[in-house]
Structures are given as structure tokens and as C-alpha cells.
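A quick write-up on the structure given underneath.
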Amino acid sequence: MGLVLFVLLSSLEIILVVKGHNREKWLRNRLLVYVVELAIVLIAFMLPYGQKWRLVPVLGFLMVLGIVALLKWLIGSRRKDNIEKKMGSIIVGCVFSVLFIGLFLVPAFLFTGYNGLPVSGQHLIAQASVIVIDSSRVDPFEQDGSFREVPMHFYYPATATMGEQFPLVVFSHGAFGYYQSNTSTYMELASNGYVVVALDHPHHAFFTEDTEGKMILVDQGFFQAASTLNNNDSADDPEALYPIFREWMDLRTADMNCVLDALKDAAESNELSDAWFLPENNVETILSIVEMSDMTKIGLMGHSMGGATSVQVGRERDDILAVIDLDGTMLGEEIGVENGKYVINQEPYEIPILEFANWEQYNERKEHPSLSDDYPNEVLLSHARKGFYVTIRDTLHMDYTDLPLLSPILGNMLGSGERDTAKTMTIVNGLVRDFFNTYLKGEGAFSVQEIY
């Protein structure tokens with residue numbers, strides 16, 4: 339869509355250059371071109387596909403320029419002089435118009451019309467959002483001493499009957515990810531009778547909003563530090579990295595614990611405390627979601643660093659029944675450093691855990707068995723009461739999220755393999771559903787292939 343629009347709009351700008359240079363005629367043609375361009379974008383906007391927001395920037399750009407062109411034409415039509423417009427200024431104007439059209443079409447180039455994957459369940463799905471304020475913690479990223487805020491986004495069965503309850507699954511996104519990273523997974527679970535809470539980790543998330551409606555972008559210091567994970571030299575320095583990892587995990591596990599405790603307190607008291615901030619003033623809706631959440635059947639999951647967060651919280655709490663790690667290194671299992679090496683937790687992992695690993699990492703682990711003593715995922719699985727390990731051929735890290743479906747360009751930049759991500763996520767979502775069906779709902783026995 340982005341490329342088609344760029345070609346059409348740029349062609350009109352070029353045609354304008356050769357349509358004559360008389361000032362009055364040029365102003366009229368300039369206005370006509372903007373009207374046609376605006377009509378083309380409006381038609382594209384009305385086509386039946388998702389992510390229409392991608393066209394909003396170029397739509398606004400053309401509307402503003404169209405109004406300016408109209409005013410210039412009205413003023414110019416009153417002038418008696420009929421001088422020629424200089425070719426140089428016409429060409430420069432054309433170049434700048436094409437450049438700005440390309441700039442404002444960037445969202446259309448970057449993002450597809452992806453609107454989710456088919457779900458297997460019968461429940462219709464509803465969504466709601468709140469923010470929980472943790473008055474026990476000052477946000478380390480803020481300079482005003484304000485408390486830590488944790489946005490929560492619910493996906494839940496809209497067709498629940500009175501008194502019906504569903505297992506609760508809490509999801510944590512990866513480093514500079516965002517809560518919608520695995521929307522297809524939430525939708526699959528919610529359609530099959532789960533309440534899913536996708537939380538944001540402010541300043542670790544690519545963007546989110548606070549209680550004042552202000553957009554919170556990823557912290558640049560965190561972004562730069564997290565990027566060193568891809569630097570082999572830095573990754574081989576446990577003494578330097580362990581304190582950083584510990585700080586990240588402490589922040590994220592506290593966020594997840596805040597969400598879990600807030601939900602359980604609300605379920606027990608049947609009311610929302612002052613810690614709950616509801617932007618949409620939807621108290622009754624949120625209370626109904628809490629009421630339908632079975633707090634005796636809680637599962638955790640996350641992607642990348644969110645998977646590590648889920649694994650650690652699952653180890654530390656006694657009210658979690660199952661955990662899923664989507665291609666995350668289990669940083670919480672690194673409990674210290676001795677003699678220049680990480681000390682890995684050797685305690686048994688008591689609850690069922692399902693780990694997904696991308697194809698590249700899977701092969702590296704198989705080719706280098708010696709890593710099993712140093713890699714926290716291998717150590718945990720070897721000590722897990724019920725541990726399952728699976729990979730999907732030709733996948734990379736971001737293939738375990740919806741990002742490559744939403745934006746193939748960004749997906750390739752951050753790590754997407756040759757396999758169709760829609761097929762990968764269909765496999766992932768089915769296994770996630772079956773795993774939680776077994777260990778949260780008690781339905782049948784869970785089995786999984788090592789390779790798909």
C-alpha cells in the first residue's frame with residue numbers, strides 16, 4: 339500500500355512540473371493536484387483493511403497543504419499580472435513535495451494491514467485498560483519522586499455468564515517491546531476461556547502512557563545497555579553485566595508482583611483501591627473482569643526479557659501454577675558471579691514450564707553441549723519437575739511475537755527468520771493454549787515435539 343501510494347502521489351507531483359508555468363494556471367493546477375492526491379489517500383483509507391492509522395500522517399499533510407494552496411489560488415486569482423513561474427522553483431517544490439510525501443508515508447511502508455490471526459475458541463473477546471500505582475516504590479526513571487506506575491491491558495471473554503470464572507494469564511513483554519507484542523496469543527487464549535493481562539514496563543517498553551496521559555518512551559540508557567547483549571565482548575563480562583541484569587529483573591519482577599497482588603486484593607475485597615487508576619472510568623467493567631478471574635489458577639508468560647521475568651516470579655511465588663518462556667534467556671536464574679562465571683540456581687523448578695527457543699539458538703545449544711552447565715535455561719530445565727523444550731525451524735527471536743506480521747521491515751531488522759511468522763505464531767499459540775489447558779484447567783496431558 340505504501341509503495342503504491344508513493345508512486346501515484348509522486349507521479350502527480352511530476353506531472354505538475356510539466357503542465358505549464360503561468361502563475362495563475364500553476365496555482366490552479368497545484369490546487370487540483372492536492373485535491374486529487376487527497377482523494378486517492380481517502381479512497382485508500384476507506385478500503386477494508388486494518389491499521390488505517392498508517393495513512394493519517396500523509397492525510398493530515400495533504401489537507402494542510404491543500405488549504406494553503408486554496409488560499410494562494412484565491413489570492414493569486416485577483417492579481418492582474420500574468421507572469422511566468424520560474425522553472426527552478428517549480429522543480430525544487432516538486433522535490434520537496436515528493437520527499438515529504440515519502441516521509442509521511444513511512445508508517446504505511448513500515449506497517450502492514452495485519453489485524454490478528456484466526457482464533458480457535460468460541461468466546462467473543464473484549465478489552466480494557468487500567469494503570470496500577472505502586473506506592474511502595476519510587477520510579478527510578480522519574481526525577482520527581484513519583485511512584486512506579488504499571489499499565490495493565492485486559493483481554494477477556496465478552497460472553498461470560500454470571501459467576502463464570504476463567505484462569506488468569508499475565509504476560510510480560512521483552513526489552514523495548516510493548517504490551518501488544520503478542521496480541522494474537524492473548525486473543526487465542528481469551529477466545530478459549532482465559533483472562534489475559536498484558537502489562538507494560540514503563541521505560542523498558544518502547545512506549546506507554548502514564549496516569550497523566552503523557553507518552554513514556556523507552557529510556558535511552560536502558561536501550562543502550564540492553565543493546566550490549568548483542569555484543570559478544572560485553573556479554574562475556576559477567577562481573578560487569580550481572581549488576582545490570584539484576585537491576586532490570588528486580589524492576590520487572592516487582593512490576594509483575596504489583597499486578598498480581600493488585601488483582602488478588604481486588605478479588606478478595608471486591609473493590610478497587612486508590613492504587614487503581616482508570617482512564618476510562620470503567621470501574622464496573624474492571625470489577626467484572628476481576629470477578630471472572632480465577633485467582634487459584636494463574637499462569638505467567640513473556641517474550642525475551644519478559645520470559646525471564648515470568649520464570650523468576652514463577653519460582654518465587656507459591657500461587658503460580660505454570661510458566662511459559664518465549665525465547666528468553668532466564669536472567670533471574672543467574673544468582674551471582676564467582677571466578678568470572680555466573681552462578682546458576684541449582685534448586686529444582688517446582689512448577690511446569692514450557693520454553694520456546696529460536697532455531698539458531700537451538701542449534702547452537704545442540705552443537706555445544708558444554709554450554710549446558712553455564713546457560714541458565716539448560717540448567718533450569720535439567721532441574722525442572724516438568725520441563726518442556728521446543729523450537730520451530732528457521733525462526734529467529736522476533737518470530738515468537740506478532741511484530742514481523744505487523745511490520746516485516748522492523749521484524750527483519752530485529753531478527754526474523756525465513757519461516758512464515760503467521761505459521762510460526764499459529765504453532766506457538768496452539769501450544770500455549772494446550773499447555774495452559776493442561777496445567778491451569780486440568781484438561782488432558784500436555785505433549786510437545788522438540789522440533790516443529
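FYI, in our numbering the residues of the sequence shown are 339 to 790.
Just so you know, even glycine gets a beta-carbon here, dropped at the ideal spot from N, CA and C.
Please read all numbers here as calculations on a predicted model, not as lab measurements.
For the pair residue 535 and residue 528, the CB atoms are not nearer than the 7 Å cut-off.
In this structure, the alpha-carbon of residue 747 lies about 22 Å from that of residue 436. For residue 672, the secondary structure class from DSSP, reduced to helix, strand or coil, is strand. In this structure, residue 593 sits away from residue 511, with a CB-CB distance that is not shorter than 7 Å. Under the three-pair Cβ rule at 8 Å, the stretch 732-743 counts as touching the stretch 761-776. Spatial neighbours of residue 664 in its own chain (CB-CB distance under 6 Å, excluding positions within 5 residues in sequence) are listed in chain order as 641, 645, 694 and 738.
Inclusion of residue 655 and residue 688 in the CB contact set at 7 Å is not warranted, their separation being larger than that value.
Residue nearest to residue 442 within the set 783, 626, 379 and 662 is 379 (criterion: CA-CA distance). Under the three-pair Cβ rule at 8 Å, the stretch 622-636 counts as touching the stretch 502-521.
With a cutoff of 7 Å on beta-carbon distance, residue 639 and residue 509 are scored as near each other.
Classified as buried, residue 717 has 16 or more neighbouring CB atoms from the shown chains inside 10 Å of its CB. In this structure the stretch 574-585 touches the stretch 672-692; the number of beta carbon pairs closer than 8 Å is three or more. The Cβ neighbour count for residue 686, taken over all protein chains shown within 10 Å, is under 16; the residue is labelled exposed. Leaving aside the five residues that flank residue 463 on each side, the residues in its chain whose CB is nearer than 8 Å to its CB run, in chain order, 457, 493, 494, 495, 496, 525, 528 and 529.
Relative to the Cα of residue 403, the nearest Cα in the group 385, 434 and 429 belongs to 434. Taking C-beta atoms as the reference points, residue 523 and residue 767 count as a pair closer than 7 Å. By the beta-carbon neighbour count (other beta carbons within 10 angstroms, threshold 16), residue 585 is exposed. Residue environment for residue 651: buried (at least 16 other C-beta atoms within 10 angstroms of its C-beta). The C-alpha of residue 666 lies about 30 Å from the C-alpha of residue 461. Rounded to whole angstroms, residue 770 and residue 344 show a C-alpha spacing of 40 Å. Unbroken alpha helix (DSSP H) stretches of 4 residues or longer found wholly inside the stretch 454-530: 521-529, given in chain order. DSSP places residue 767 in the helix class (H, G or I) of the three-state scheme.
Between residue 469 and residue 549, the C-beta spacing is below 7 Å. Your pair residue 564 and residue 471 does not check out as a contact, with CB atoms roughly 25 Å apart and the cut at 8 Å. Residue 660 has its alpha-carbon roughly 16 Å from the corresponding atom of residue 715. The DSSP-derived three-state label of residue 613 is coil. Counting C-beta atoms within 10 angstroms of its own C-beta, residue 597 has 16 or more neighbours from the protein chains shown and is therefore classed as buried.
Within the same chain, Cβ atoms closer than 8 Å to the Cβ of residue 790 are found at 728, 729, 730, 731 and 765, the five residues on either side in sequence being excluded.
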